[in-house]
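Protein chains in written order, with this note's numbering: chain D, 1 to 140; chain V, 1001 to 1115.
Cβ atoms here follow ideal geometry from the backbone N, Cα and C, with glycine treated the same way.
Note that the structure is a prediction, hence the values are computed from the model and not measured.
Quick look at the structure:
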């Protein structure tokens, strides 16, 4: 199962990607507690791509690719921006940052997904978000 | 669904009843404008009723933190009321649960303000 979207740098695109994540994760069989968390992580990645990556530049697009297999849901969000250094993100839980009005997006993505990978695209950044399926419960 | 705000006063405390989604863009701006409007009119104590907030993203969380700081800097208090489980979980994950004064009951929330 695979869906791919190429969208303009707008808040409407963020909403569309979030809705697609919700529908795709539901179709892929994730439960009602996990689906909103996946949708939120994907939304945060899309916001970063449009706001920080493409800086709302109407000439730049973002792409979102959704894939599901027997092991996991894999979402890739790519922008066409100047690049991003994931090692340079302040810890939003640190006492000096706790009252900051921004800077929690990457933290929430990592909190809700099992794996988060960053790749530089020259130009742009691709985030890969992976949510593994819960292991099957052994029969009683 | 965008965010809506209804404003009322209870015992000198401004209660902002919020509904919808607090997300990047309209929702965050609406919250910021509502809080600034209260402060501009001279009130300093605000109770944010989040009972009908269905969703908050990181921008919405940031806007609530900024509102908390603005009100505190103005010499007032901002408290939160009626968190849904989702919002409660988000504030716990981000360690903001200990920053905000969070109440489940409006009467005790109003009574808790220093007047």
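CB of residue i within 7 angstroms of CB of residue j, strictly
i: residue 78/D; j: residue 124/D; result: yes
i: residue 1040/V; j: residue 1016/V; result: no
i: residue 144/D; j: residue 66/D; result: This structure leaves residue 144/D out entirely; chain D is present only between 1 and 140.
i: residue 120/D; j: residue 81/D; result: no
i: residue 39/D; j: residue 18/D; result: yes
i: residue 1013/V; j: residue 1102/V; result: no
i: residue 1044/V; j: residue 1076/V; result: yes
i: residue 76/D; j: residue 128/D; result: yes
Under the three-state DSSP convention, the category residue i falls into
i: residue 1096/V; result: coil
i: residue 24/D; result: helix
i: residue 1017/V; result: strand
i: residue 46/D; result: helix
i: residue 1037/V; result: helix
i: residue 1025/V; result: coil
i: residue 1110/V; result: helix
i: residue 1032/V; result: helix
i: residue 59/D; result: coil
i: residue 1083/V; result: coil
i: residue 1050/V; result: strand
i: residue 80/D; result: coil
i: residue 1045/V; result: strand
i: residue 122/D; result: coil
i: residue 32/D; result: coil
Cα-Cα separation between residue i and residue j, rounded to whole angstroms
i: residue 1082/V; j: residue 1022/V; result: 15 angstroms
i: residue 1088/V; j: residue 1066/V; result: 18 angstroms
i: residue 133/D; j: residue 1084/V; result: 26 angstroms
i: residue 97/D; j: residue 1095/V; result: 11 angstroms
N-terminal and C-terminal residue of the alpha helix (DSSP H) that residue i is part of
i: residue 134/D; result: Taken as a continuous stretch (DSSP letters only), residue 134/D belongs to no alpha helix (DSSP H), as it is neither H nor E.
i: residue 1067/V; result: 1058–1073
First through last residue of the beta strand (DSSP E) which encompasses residue i
i: residue 6/D; result: 2–8
i: residue 107/D; result: Not the beta strand (DSSP E): residue 107/D falls in the alpha helix (DSSP H), residues 105–112.
i: residue 87/D; result: Counting along the chain, residue 87/D falls outside any beta strand (DSSP E), and DSSP gives it neither H nor E.
i: residue 94/D; result: Residue 94/D -> no beta strand (DSSP E), and no H or E assigned at all.
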